[in-house]
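Trainee:
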Amino acid sequence: MQLASSFSSLPLDIGSIILTSRLVLAPMAGLGHVAFREVLSGFGGYGFMVTEMCNARAVPAESRHHSAVFRWRDEEAGQLVCQIFGGEPAVMAEAAKRIESEGFLGVDINMGCSVAAICKKGYGAALLKDPQRAVDIVRAVRRAVRCPVMVKYRSGWENSSDLAVDLAVRFEDAGADLLTFHPRIAPDRRSRPPKWEHIRAVAQAVSIPVLGNGNVFSAEDCARMLSQTGCAGASIGRMAIARPWIFAELVNGFVPDEDIYVRTTLAMIESIWRHFEPARAIKMYKKYVPYLAANFVFGHSLWPELVRGQTREEMTHNALRILGKKPQVASAPNAFLFTS
Ligand SMILES: Cc1cc2nc3c(=O)[nH]c(=O)nc-3n(C[C@H](O)[C@H](O)[C@H](O)COP(=O)(O)O)c2cc1C
């Protein structure tokens, strides 16, 4: 599984920082929380992790002990990038200042989320309909902080790479240190394949690093994305939830043993219930389980079994009973279980 390793472990300069791995955890609302990241940290191998998207309006005064998303462990801050969403340059700049003052590795600006509630406010992917505003946001954030400034964005709303390439050049000019590019248009669901050739066009247009994102589910996928697109590294989302040891496997040659699923699931349960109160913890755990179940050949029938009940004890019991039997593992996760 170490196909991508020699390249993935080459150092990568972003602004003032040098990453020791070119594979990073993509931001994922509801999945990439502090508890998941704690489990992931136990395996290592990533260049950095990105938080769930945080509302820039809330960030300056947010309590890390009350917010479910703007919450982190001190030990991870130096390898953690905080993603913000919003639409006003000054608001985004204020949020970035707080993020820098807390010691995060960097700030990532969300220009990819296509959820209606976000886009109707002009945030996320809606910014791609207003390129000047998008660029103004990058410039304002750049002026506000010294830490690396990153943008995660997608192809836009029309099926061409023209806007993405044009924006890449303008984001670099506005001071961005790194771009993560997801080559799908906003109305696309994740079930349609991303157009990796657009990653190539974006990577060639700028001199700052571009991370490719979308449908890396195996070491082979990762190696193909890197070689076909010439991108500087990869941002991996759903696969990292399914197999949090993916970075360690691809970058450090970690070899998972047959107990890894049960052990990791118990660690997830322990971490989620330690970081969150029970009503929230059970929801978070149930959101994670389709990704876990996707690893198994009969994952679609294991999934309902794994989530039966409402308590931590029941989830622990289910995990021990089902995963303890070592169900047959699929070579790559069954993406149907988590594609929406
Ligand atoms: C449940 C879920 C939540 C997501 N939340 C965010 C988010 O908060 N910010 C963001 O930029 N992208 C978000 N994404 C998109 C991912 O970062 C990534 O672009 C997408 O999953 C494709 O990468 P993958 O094929 O490696 O999963 C989310 C994706 C999923 C599945």
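So the sequence shown is numbered by this note's numbering: it starts at 866 and just counts up by one. Just so you know, even glycine gets a beta-carbon here, dropped at the ideal spot from N, CA and C. Since the model is a prediction, treat every value here as computed from it, not as a measurement.
In terms of residues, what are the limits of the alpha helix (DSSP H) holding N1117?
Mentor: N1117 -> alpha helix (DSSP H) spans I1111 to N1117.
Trainee: Whole alpha helix (DSSP H) runs in the region 880-912 with 4 or more residues, listed along the chain?
Mentor: If we require 4 residues or more, the alpha helix (DSSP H) runs fully inside the region 880-912 come out as 899-908.
Trainee: For a test of your reading of the model: does the CB of Q1093 fall under 7 angstroms from any non-hydrogen atom of ligand 1? Yes or no.
Mentor: No; taking the cut-off as 7 angstroms, the Cβ of Q1093 has no heavy atom of ligand 1 nearer than that.
Trainee: Taking one C-beta from the region 1025-1043 and one from the region 1079-1086 each time, how about it: are there three or more such pairs within less than 8 angstroms?
Mentor: Judged by Cβ distances under 8 angstroms, the region 1025-1043 makes no contact with the region 1079-1086, as fewer than three pairs qualify.
Trainee: Which partner residues of L1167 appear in the DSSP bridge assignment?
Mentor: None, per the DSSP bridge assignment.
Trainee: Would you identify the three-state DSSP class for T1130, choosing helix, strand or coil?
Mentor: Helix.
Trainee: Using the Cα positions of I1187 and L1171, report the straight-line distance between them to the nearest angstrom.
Mentor: The straight-line gap from Cα to Cα measures roughly 7 angstroms.
Trainee: Can you find a C-beta in chain C that's less than 8 angstroms from the C-beta of G1077?
Mentor: Protein chains in the displayed structure number just one, and chain C is not present.
Trainee: Measure the CB-CB distance between S1020 and V889 and report whether it falls below 8 angstroms.
Mentor: Cβ atoms of S1020 and V889: not closer than 8 angstroms.
Trainee: In or out: T1129 buried (at least 16 other Cβ within 10 Å) or exposed?
Mentor: T1129 is buried by the Cβ-count criterion.
Trainee: Applying the 10 Å Cβ sphere with the 16-neighbour rule, what's the burial state of R1011?
Mentor: Exposed, since its Cβ has fewer than 16 Cβ neighbours within 10 Å.
Trainee: Per DSSP, what are the beta-bridge partners of R1019 in this structure?
Mentor: Note: R1019 sits in a beta bridge opposite H1047.
Trainee: Using the C-alpha atoms, what's the distance from H1063 back to R998?
Mentor: Going by the C-alpha atoms only, they are around 23 angstroms apart.
Trainee: Does the structure place the region 1064-1074 close enough to the region 903-910 that three or more beta carbon pairs sit under 8 angstroms?
Mentor: The region 903-910, when compared against the region 1064-1074, does not touch it at the 8 angstroms Cβ threshold.
Trainee: At which residues does the beta strand (DSSP E) containing A1206 begin and terminate?
Mentor: What is shown of the chain runs 866 to 1205, which leaves residue 1206 out entirely.
Trainee: What do you reckon, are the CB atoms on A921 and V946 nearer than 8 angstroms?
Mentor: It is not a contact, given that the beta carbons lie outside the stated cut-off.
Trainee: What does a CB cutoff of less than 6 angstroms around D1053 pick up in its chain, not counting 5 residues either side in sequence?
Mentor: Hits under 6 angstroms: none found.
Trainee: Are the region 1158-1167 and the region 916-932 touching, with three or more C-beta to C-beta distances below 8 angstroms?
Mentor: No contact exists between the region 1158-1167 and the region 916-932.
Trainee: Report yes if the C-beta of H1047 is less than 7 angstroms from at least one heavy atom of ligand 1; otherwise report no.
Mentor: At least one heavy atom of ligand 1 is nearer than 7 angstroms to the Cβ of H1047, so yes.
Trainee: Using only the alpha-carbon positions, how far apart do D1027 and W1061 sit?
Mentor: Cα to Cα, the separation comes out at about 14 angstroms.
Trainee: Return the chain-ordered list of same chain residues with a C-beta closer than 7 angstroms to the C-beta of A891, the five sequence neighbours on each side being excluded.
Mentor: Same-chain partners within the cutoff: V915, N1078, S1100, I1101 and G1102.
Trainee: Identify, in the order they occur along the chain, each residue of the same chain with its Cβ nearer than 6 angstroms to the Cβ of Q867, setting aside the five sequence neighbours on each side.
Mentor: Since pLDDT at Q867 reaches only 48, below the 50 mark, its modelled position is unreliable, and the value read off the structure follows with that caveat. Within the same chain, Q867 has close Cβ partners G1118.
Trainee: Taking only heavy atoms of ligand 1 into account, decide whether any of them is closer than 7 angstroms to the Cβ of L1157.
Mentor: No; taking the cut-off as 7 angstroms, the Cβ of L1157 has no heavy atom of ligand 1 nearer than that.
Trainee: For a test of your reading of the model: does the CB of R1057 fall under 7 angstroms from any non-hydrogen atom of ligand 1? Yes or no.
Mentor: Flag unset: Cβ of R1057 not near ligand 1.
Trainee: Is the beta carbon of V1127 less than 8 angstroms from the beta carbon of A1200?
Mentor: No. Outside cutoff.
Trainee: What's the call for F1163, buried or exposed, on a 16-neighbour Cβ count within 10 Å?
Mentor: F1163 comes out exposed.
Trainee: Alpha carbon to alpha carbon, what distance is there between C1096 and L877?
Mentor: Roughly 12 angstroms separates the two Cα atoms.
Trainee: Go through its chain and collect everything with a Cβ distance to A1105's Cβ below 6 angstroms, but skip five positions before and after it.
Mentor: L890 and I1111, listed in sequence order.
Trainee: Can S917 be considered in contact with ligand 1, in the sense that its beta carbon sits closer than 7 angstroms to one or more heavy atoms?
Mentor: A small correction: the amino acid at residue 917 is Glu; Ser does not occupy that position in the sequence shown. Correct: E917 has its Cβ closer than 7 angstroms to ligand 1.
Trainee: Where does Q944 sit, in a helix, a strand or coil, going by DSSP?
Mentor: Helix.
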